[in-house]
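Structure record follows, encoded as structure tokens.
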Amino acid sequence: MLNLEELDLYIPVKVDKTFIDENDLKKNIIDRMPRLNQFRFYIRSIMNIHSGMDLPSIEDIQYRFIEFANNNIISYVDYFPEAKQSRYHIYSYPSFMPYYSDITNNFPNRLFTYVRVVSLYDEHPFDHEFFLRIQKSFPFMEKLNLINQKPQNHKQSYESNNNNNQNLSIIEYSFLSNLGIIHVHDDYI
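The sequence shown: position 142 = 141 (numbering that gives the first Met the number 0), numbered continuously.
Dropping the structure here:
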């Protein structure tokens, strides 16, 4: 791998005390590949939350990627109190990965033209605006998996006379051919 010039890396990893950061990438990947001139990545670190843990903020996470200043690094963190878990998403942008996993309501709006497979998961409800953001962010999405057991706050209903629902548009996913509905509240069916 010493002659590798381009690397696309997708790492979903369960960690104990900290997430994968810039130092890990430099020490274990970049420094070992002297010819590497193109490095694109998506790292999803999953950590169990224990009482009394000092959880890093998104600013702490972004600061750890300060030497990647020439790259556009997107990061966000989700905390799931019910599952007692945190998930850190850190990726180079634009992303050339064909999949994007565990998208939540905290998902930053970006355009991902290469992504074909998407999974959505959250402990908070997904509402109409969220699905519209997903449609705009992943225009060529072919497969969508949904996991969310929380009822929607403003469920769209064709039978409702409620004026709030009359303004909700139907969202079309032009390339969607596979929909996985896994552990969802009835509102999503």
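Cβ coordinates follow ideal geometry from the N, Cα and C atoms, glycine included.
For His184, the three-state DSSP class (helix, strand or coil): Indexing the sequence shown from 1 puts residue 184 at position 185. Note: His184 maps to coil in three-state DSSP.
Buried versus exposed, by CB contacts within 10 Å (16 or more), Arg34: The residue given as residue 34 occupies position 35 in the sequence shown. Exposed: under 16 other Cβ atoms inside 10 Å.
Cross-strand partners of Tyr99 (DSSP beta bridge): Taking the first residue of the sequence shown as position 1, residue 99 is located at position 100. The bridge partners DSSP lists for Tyr99 are Val117.
Alpha-carbon spacing of Leu8 relative to Asp23, whole angstroms: By 1-based counting over the sequence shown, the position of residue 8 is 9. By 1-based counting over the sequence shown, the position of residue 23 is 24. Looking at the two C-alpha atoms, the distance is approximately 13 angstroms.
For Lys149, three-class secondary structure by DSSP: For the purposes of this step, residue 149 is taken as the residue at position 150 of the sequence shown. For Lys149, the secondary structure class from DSSP, reduced to helix, strand or coil, is coil.
Alpha carbon of Arg109 to alpha carbon of Ser136, nearest angstrom: Looking up residue 109 in the sequence shown gives position 110. Looking up residue 136 in the sequence shown gives position 137. Their Cα atoms are separated by approximately 6 angstroms.
Beta-carbon separation (whole angstroms), Ile42 vs Tyr90, contact threshold 8 angstroms: Here residue 42 is taken as the residue at index 43 of the sequence shown, counted from 1. Here residue 90 is taken as the residue at index 91 of the sequence shown, counted from 1. That pair is a contact at about 7 angstroms.
Nearest candidate by alpha-carbon position, reference Leu131, set His123, Asn104 and Glu5: Taking the first residue of the sequence shown as 1, we reach residue 131 at position 132. Sorting His123, Asn104 and Glu5 by C-alpha distance to the C-alpha of Leu131 places Asn104 at the top.
Buried/exposed call for Val14, threshold 16 Cβ in 10 Å: Your numbering for residue 14 matches position 15 in the sequence shown. Taking a 10 Å sphere around the C-beta of Val14, we find fewer than 16 other C-beta atoms and assign the residue as exposed.
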